[in-house]
Amino acid sequence: MGFGPRFIGWVHTLYAGVYSCVRVNGFLSGPVEQLGGVRQGCPLSPLLYVLFMEPFAELVRRDSGVDGVRLPGVPGEVLKIQQYADDTTLFVSSARSLGRIRALTDLFGAGTGSKVNLAKSSVLYCGCWRDDRSGGGFSVCTGGLKILGVRFFARDSAVLNWEARLNLVRTRLGVWTRRQVSLTGRVVVVRSVLMPLLIHLAYVFPVPARTKLALTRLVFRFLWGGGYEYVRRELMYMPVSWGGRGVPRIPLKLDVLHACFVSRIFLERAPHRCYYFARFYLAGFFRRLVALSHVVPRSETPSPAYRSVMRFLGQCPLPVTREEATDHRALYARLASRQVVTPSGLPAGVVWSRVSGGGAPGAVRDLQWRCALGRLPVRETLHRHGCTASPLCPRGCGAPETVSHVFWDCPFAGEFWTLVLGLLRRVGPGHVLSRDGVVYRRGLGFLPSVTSGVLWDVLGYAKWALWEDRMEVVGKRPLFGRGRARAPPPVPAANPPLVGVPPVTVPDPETAKEWGDTKDLGDGTEGWNTKPVRKRPLSGEHQEGRGHKEAPSIPLDNRYGALAGSEEGAEFCTDMDLSLESPLPFPDGWVAENILEAVDMDQTPHGVGNGGQGPRRRFSR
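Numbering (UniProt numbering), first residue to last: 1 to 621.
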């Protein structure tokens, strides 16, 4: 092949007397002498193998007894062989050519010492020969011929490959569904785990319409845990800075990848035989982008794969430039940006990157985002959709329960934020809380960026605790993690009323049944809609009436601890301008333990060690 003795001498020096060792658990095995072939991992190995296999490729190309496949639009051009490392694919169009290929492989093996692995070699008949089973000395492929990770069938290769890949996606998402991952974490799973499974196949085959619908359905079912989708999909596709969650538009992304890959083959004149196919089928479509001779043959009826490329690029809102047709990132960014959807009904000036930012775990940031959007399963929304009988607040204040009511307008929330503000002022004076600050992070801009970020995280933990307590009040599992259901805590009318909170009494069974807060106990009676769970031992009157229909009459001072009567409690109440005669509507240490101290909470920026589920609750009930 024209190599001189100097080059051959260097190769001989590199390979003479070489050996390899195997490392297992830090220990090296004995030397294994290299007696044949090339070394695994050696930079010279692929080059030597190409030099070794090129004579066989030339032998096939020059043999007149091998009838290859004629390329469209190029008179005299015939495709007989394609090679990628040790993967060799041959294309023949007659039965005698198959026998001639077997003779050439035997001849090459006799001269080089190599041998065809018949167990890994098979024949795929296509077209009018698809029913042939002769094989010519090779096994006949019945389940698809695998070439570089993609299986080719006699017909419907695109549909069969995408069905197999769809089953793989179901399996992977099923594994991740069983893990406790926040919505933000699930979006990361879609981008980093799901997309790589699809990209390689999208370069080869266009995605069928049914597969696009199935993929979209699987992704959003995974994101929302198989439940109700509280945020519309168009908004979920938007970037975080625009109020969305950055979910990739998988059907659009796969269409762009396939169209740009095929277009790049034609527009950049790829040094490969596939260029002739692209030129033959796409020449008429790309005449406005590239100058072509009128004598070059072109197809008026392209194949389904090329027709899908022309349909996709032709339906783009604006004409596709040559740069966009060859750059899938630029084309995807332009098409995705034209489908912008912004949240409606919100105050102007909401900066979504600040709402979704911070160092809190993913589940806490998800709650802050959904709180700002107003997309939470509150009773007022559920009542409008016919999912609950009453739109009123489950805490008994008598007002409709909206998202704003849960986190700000409810008297219970007002007392809660009063406690939080008092604790914040102990850390640093001058803190002021408002509805826009709590919900939209507006009004915190006068603080330094670091202080504003930390304060927003603290407010996120506070909203997390407030929402989980609300979910337990209605006897439901907390929306963003596992928790303990309990009956609504009764406040006997005989006790002193809370500051600004009307007395709350236990509703009678009929009212509770109307609210949907009761369930059949199986013995003809009804009880509170709670789940019996194991709890740590409670002292005194806390052990009475747990999980029963009739809640005990517990004095507020006993039920909420002695915080109001302690010196520490007196100091807190003084800082918050609260009266010691007014019992606090929270358990002892509830705010400090669950919001500020976070004693049982994962401190990693994204809650990786806690599965992205946010703080682990450790209430003192």
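Where is the CB? At the ideal position from N, CA and C, for every residue including glycine.
query	result
Option nearest residue 306 by Cα separation, candidates 195, 206, 4	206
Cα-Cα separation, residue 48 to residue 117	20 Å
Straight-line Cα distance separating residue 33 from residue 104	31 Å
Closest Cα partner of residue 473 within the set 406, 150, 101	406
Distance between beta carbons of residue 165 and residue 124, contact taken as under 8 Å	No, residue 124 and residue 165 are not in contact; Cβ-Cβ is about 20 Å, not under 8 Å.
Continuous beta strand (DSSP E) stretch holding residue 84: start and end	81-84
Rounded separation between residue 361 and residue 203 - CA only	36 Å
Start and end residues, beta strand (DSSP E) containing residue 88	87-90
Under the three-state DSSP convention, the category residue 24 falls into	strand
Nearest residue (CA-CA) to residue 301, options 218, 310, 378	310
Inter-stretch contact at 8 Å, needing at least 3 Cβ pairs: the region 120-134 / the region 60-67	no
Backbone secondary structure at residue 281 - three-state DSSP	helix
8 Å Cβ shell around residue 36 - same chain, five flanking residues per side excluded	113
Rounded separation between residue 161 and residue 288 - CA only	34 Å
Integer Cβ distance of residue 67 from residue 97, believed to fall under 8 Å	5 Å
Whole-angstrom distance between residue 408 and residue 390, CA atom to CA atom	20 Å
Proximity of residue 129 and residue 240 at Cβ, strictly below 9 Å	no
Reference residue 267, options 79, 188, 17, 279, closest by Cα	279
Counted within 10 angstroms of its Cβ, other Cβ atoms place residue 5 as buried (16 or more) or exposed	exposed
DSSP state of residue 152 mapped onto helix, strand, coil	strand
Per-residue DSSP class, three states only, for residue 400	strand
Nearest-angstrom Cα separation, counted from residue 42 out to residue 12	14 Å
Beta-carbon proximity list for residue 143, same chain, < 8 Å, skipping 5 on both sides	151
Residue 622: first and last residue of the uninterrupted alpha helix (DSSP H) it sits in	Within the shown structure, residues of the chain are numbered from 1 to 621, placing residue 622 beyond reach of any answer.
Status (buried if at least 16 other CB within 10 Å, exposed otherwise) for residue 8	exposed
Environment of residue 185 [buried if 16+ CB atoms lie within 10 Å]	buried
Residue burial classification, residue 171 (beta-carbon count within 10 angstroms, cutoff 16)	exposed
Cβ shell of residue 109 (< 6 Å), same chain only, five flanking positions each side left out	115
Limits of the beta strand (DSSP E) - the one that residue 212 falls within	Residue 212 -> not in any beta strand (DSSP E); alpha helix (DSSP H) instead, spanning 209-223.
Distance cut-off 8 Å: residue 216 Cβ against heavy atoms of the ligand PLP	Among the components of this structure there are no ligands whatsoever, and the ligand PLP is therefore not found.
Every unbroken beta strand (DSSP E) within the region 92-153, with a cutoff of 3 residues, ordered by chain	145-147, 150-152
Assigned exposure category for residue 120 - 16 Cβ within 10 Å defines buried	exposed
CB contact flag (residue 286, residue 308, <9 Å)	no
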